[in-house]
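*Asks:* Position one of the sequence shown corresponds to residue 40 (our numbering), numbered consecutively onward.
C-beta atoms are modelled at their ideal positions from N, C-alpha and C, and glycine is treated no differently.
A quick note: this is a predicted structure, and the numbers were derived from the prediction, not measured.
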Amino acid sequence: MAIVAKTTVSLIKADIGGWPGHSTVHPELMKIASQELEKAVKSDLIMDFHVTHVGDDLELIMTHTKGEGNERIHKLAWDTFIKGAKKAKEMKLYGAGQDLLADAFSGNIKGMGPGCAEFEFTERPSEPVVAFMMDKTEPGAFNLPIYRMFADPFNTPGLVIDPAAHAGFIFEIWDIQEDKAVFLNAPEETYDILALIGAKSRYVIKRVFPKEGGKLPTDEAVAVVSTDKLFHIAGKYVGKDDPVALVRAQSGLPALGEILEPFAFPHLVSGWMRGSHNGPLMPVGIKDARCTRFDGPPRVGALGFQVANAMLGMPSDLFDDPAYEPARKKAGEIADYMRRHGPFEPHRLPMEDMEYTTIPEILKNLDSRFKKV
Ligand code: F6R
Ligand code: MG
Ligand code: MG
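1) Tell me whether residue 66 is buried or exposed, calling it buried when 16 or more other Cβ atoms sit within 10 Å of its Cβ.
2) Would you mind sorting residue 404 into buried or exposed? The rule is 16 or more other CB atoms within 10 Å of its CB.
3) What does DSSP give as the partner residues of residue 195 in its beta bridges?
4) Run through DSSP, which three-state label would residue 250 get?
5) May I ask which residues mark the beginning and end of the beta strand (DSSP E) holding residue 168?
6) DSSP has residue 271 in a bridge; who is on the other side?
7) Whose C-alpha, out of 172, 75, 166, is nearest the C-alpha of residue 280?
8) Starting from residue 154, trace the beta strand (DSSP E) both ways and give me its first and last residue.
9) Are the beta-carbon atoms belonging to residue 57 and residue 124 less than 8 Å from one another?
10) Could you spell out the range, first to last residue, of the alpha helix (DSSP H) harbouring residue 73?
11) Looking at the strands, I want to know which residues DSSP matches up with residue 209.
12) Quick check: does the Cβ of residue 54 come within less than 7 Å of any heavy atom belonging to ligand 2?
13) Which residues mark the beginning and the end of the beta strand (DSSP E) in which residue 50 is found?
14) Examine ligand 3 and report whether any of its heavy atoms sits within less than 7 Å of the Cβ of residue 340.
15) Starting from residue 130, follow its DSSP beta bridges and name the residues at the other end.
16) Using a Cβ-Cβ cutoff of less than 8 Å, which residues in the same chain neighbour residue 153 once the five nearest sequence positions on both sides are dropped?
17) Distance, Cα to Cα, residue 458 vs residue 396?
18) In whole angstroms, what separates the C-alpha of residue 200 from that of residue 48?
19) Are the region 374-386 and the region 204-216 in contact at 8 Å, needing three or more beta carbon pairs?
20) In angstroms, rounded to a whole number, what distance separates the CA positions of residue 193 and residue 286?
21) I want to know whether the region 79-87 touches the region 105-115 - three or more CB-CB distances under 8 Å.
22) Touch check for the region 231-247 and the region 176-189: three-plus C-beta pairs under 8 Å?
23) With a CB to CB cut of under 8 Å and the five nearest residues on each side skipped, what residues in its chain are close to residue 242?
24) Can you tell me whether DSSP reads residue 363 as helix, strand or coil?
25) Three or more beta-carbon pairs under 8 Å between the region 336-347 and the region 261-275, yes or no?
26) How should residue 271 be labelled, buried or exposed, when 16 other C-beta atoms within 10 angstroms of its C-beta is the threshold for buried?
27) For residue 91, report the span of its beta strand (DSSP E) as first-last.
28) Report the rounded CA-to-CA distance for residue 325 versus residue 205, giving the unit in angstroms.
29) Determine, using beta-carbon pairs with one atom in the region 349-366 and one in the region 380-396, whether at least three such pairs fall under 8 Å.
30) Are the beta-carbon atoms belonging to residue 319 and residue 301 less than 8 Å from one another?
31) So the beta strand (DSSP E) residue 388 belongs to, where does it begin and stop?
32) How long is the line joining the alpha carbons of residue 157 and residue 315, rounded to whole angstroms?
33) Who pairs with residue 368 in a beta bridge, going by DSSP?
34) Flag residue 95 as yes when its Cβ comes closer than 7 Å to any non-hydrogen atom of ligand 2, and as no otherwise.
35) Roughly how many angstroms lie between the CA atoms of residue 147 and residue 101, to the nearest whole one?
36) For the beta strand (DSSP E) holding residue 96, just list the boundary residues, first then last.
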């Protein structure tokens, strides 16, 4: 096995057609994606890959040595989605090609519709990496779990008792409305971090970095979240920008179990039916990653890899586990409770967020009937 200087993991995803409706991905599209990525391995463009889906999102998990934002890697993902979308159109799958918003590839997949989380790092002697994939929600849905992994000692005892994690971590937070970013330190600035990321439709955690003096290079991210906001790109509502994230684990970072623990609490996220409702995030194995009830509830899948010399190896389906059964049951109860509100807030999103859905068209018709009071 070749020893590599630095490894890049790229997780690029798109909804290129649902089967049926917006529930899941047809096996035929997964097959096309696997064939395309297999060819890319043979031509030495990528080292290894795993194709999967969560809900109606096709997920390409790839390893290579070409760094972040590499044009050839992004083009590979784009061309793979285009090929899949062609098949999806032939099969009349639902919303075929829905996330492919650009007419032609323009150097980087960011801003073209698909979502992307990728990081480049120097492999440690052993390198556990988890790919988290969510459907029917938005990037801010990662704020709570990522915060808890890297900044909450009630979730991550390593922050208290592991000297290598004790200094804390640096959070890169993006304001996705004004397109600016800020770096904040945990634990010193946790109240500031929370002041921002509690507003999860606007401020999203983009990356987490180690601090000086630890075991890890401070310029290599240990967690990264996709922050591509579809409605900002498209200018009108075209479906939620279902997010993905990559997180490295162990040896000075949160342990695998500390990374998975936040998902034992099915917190409320925005998205679900018509991208317009708050609902619980249900952690599921990939076999259960089908959005059915009320087009949901929003789901999160997690695949774990032991990355070795830029090879992914076999995935372990981390939420396909009875330990997450209580969280799924709780999510079911919360779904019942939220659903009983019907079209009322806070089940339905507040008016500002509904701006990005189709409701303005309905309300426009009432404009002329409003009289001054
Ligand atoms: C949510 C989602 C679905 C659709 C809903 C209506 O992100 O994808 O809940 O919004 O099924 O879809 P259309 O308007 O395509 O019939
Ligand atoms: Mg869809
Ligand atoms: Mg989706």
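*Replies:* Concretely, from the data shown:
1) Counting from one through the sequence shown, the residue named residue 66 turns up at place 27. Flag for residue 66 reads exposed.
2) Taking the first residue of the sequence shown as position 1, residue 404 is located at position 365. Its Cβ having fewer than 16 others within 10 Å, residue 404 is exposed.
3) By 1-based counting over the sequence shown, the position of residue 195 is 156. Answer is none; residue 195 lacks a bridge partner.
4) As a position in the sequence shown, residue 250 is number 211, starting the count at 1. Three-state DSSP puts residue 250 in coil, outside helix and strand.
5) Here residue 168 refers to the residue found at position 129 when the sequence shown is read from its first residue. That run of the beta strand (DSSP E) goes 166-174.
6) The residue labelled residue 271 in the question sits at position 232 within the sequence shown. DSSP lists no partner for residue 271.
7) Counting from 1 along the sequence shown, the entry for residue 280 is found at position 241. Out of 172, 75, 166, 172 has the C-alpha closest to the C-alpha of residue 280.
8) Residue mapping note: residue 154 aligns to position 115 of the sequence shown, counting from 1. 154-160 is the extent of the beta strand (DSSP E) around residue 154.
9) Here residue 57 corresponds to residue number 18 of the sequence shown, with the count starting at 1. Here residue 124 corresponds to residue number 85 of the sequence shown, with the count starting at 1. Against a cut-off of 8 Å, the Cβ pair of residue 124 and residue 57 comes out as no contact.
10) Numbered from its first residue, the sequence shown carries residue 73 at position 34. Run containing residue 73: 66-81, per the alpha helix (DSSP H) assignment.
11) Numbered from its first residue, the sequence shown carries residue 209 at position 170. Residue 209 pairs with 224, 248.
12) Within the sequence shown, residue 54 is the residue found at index 15, counting from 1. Residue 54 Cβ: within cutoff of ligand 2.
13) The residue you call residue 50 lines up with position 11 of the sequence shown. Residue 50 -> beta strand (DSSP E) spans 46-53.
14) For the purposes of this step, residue 340 is identified with residue 301 of the sequence shown, where counting begins at 1. Checking every heavy atom of ligand 3 against the Cβ of residue 340, none is found closer than 7 Å.
15) Your numbering for residue 130 matches position 91 in the sequence shown. For residue 130, which the question treats as bridged, DSSP gives no partner whatsoever.
16) In the sequence shown, counting from the first residue as 1, residue 153 sits at position 114. Hits under 8 Å: 51, 52, 53, 116, 117, 120, 138, 139, 267.
17) Residue coverage of the chain in this structure runs from 40 to 412, which leaves residue 458 outside it and unanswerable.
18) Taking the sequence shown and counting its residues from 1, the one referred to as residue 200 is at position 161. Taking the sequence shown and counting its residues from 1, the one referred to as residue 48 is at position 9. Whole-angstrom Cα-Cα distance: 29 Å.
19) no
20) Within the sequence shown, the letter at position 154 stands for residue 193. Within the sequence shown, the letter at position 247 stands for residue 286. Cα to Cα, the separation comes out at about 19 Å.
21) yes
22) yes
23) Within the sequence shown, numbered from 1, the residue matching residue 242 stands at position 203. Closer than 8 Å at the Cβ level, and outside the excluded window around residue 242, lie 179, 182, 212, 213, 214, 215, 235, 236.
24) Translated into the one-based positions of the sequence shown, residue 363 becomes position 324. In the structure shown, residue 363 sits in a helix (DSSP, three-state: H, G or I).
25) no
26) What you label residue 271 is simply residue 232 of the sequence shown in a count that begins at 1. Answer is exposed; the Cβ neighbour count stays below 16.
27) Within the sequence shown, residue 91 is the residue found at index 52, counting from 1. Its beta strand (DSSP E) spans residues 87-93.
28) Numbered from its first residue, the sequence shown carries residue 325 at position 286. Numbered from its first residue, the sequence shown carries residue 205 at position 166. Taking the straight line joining both Cα atoms gives about 34 Å.
29) no
30) Your numbering for residue 319 matches position 280 in the sequence shown. Your numbering for residue 301 matches position 262 in the sequence shown. No, they are not a contact pair.
31) Position 349 of the sequence shown holds residue 388. Here residue 388 belongs to no beta strand (DSSP E), and DSSP marks it neither H nor E.
32) Counted from its first residue, the sequence shown places residue 157 at position 118. Counted from its first residue, the sequence shown places residue 315 at position 276. Taking the straight line joining both Cα atoms gives about 28 Å.
33) Against the sequence shown, residue 368 aligns to sequence position 329. According to DSSP, which records beta bridges pairwise, residue 368 is partnered with nothing at all.
34) Locating residue 95 in the sequence shown gives position 56, where the first residue counts as 1. At least one heavy atom of ligand 2 is nearer than 7 Å to the Cβ of residue 95, so yes.
35) Within the sequence shown, residue 147 is the residue found at index 108, counting from 1. Within the sequence shown, residue 101 is the residue found at index 62, counting from 1. Between residue 147 and residue 101, the C-alpha separation is close to 16 Å.
36) One-based indexing of the sequence shown puts residue 96 at position 57. Note, residue 96: beta strand (DSSP E), 96-103.
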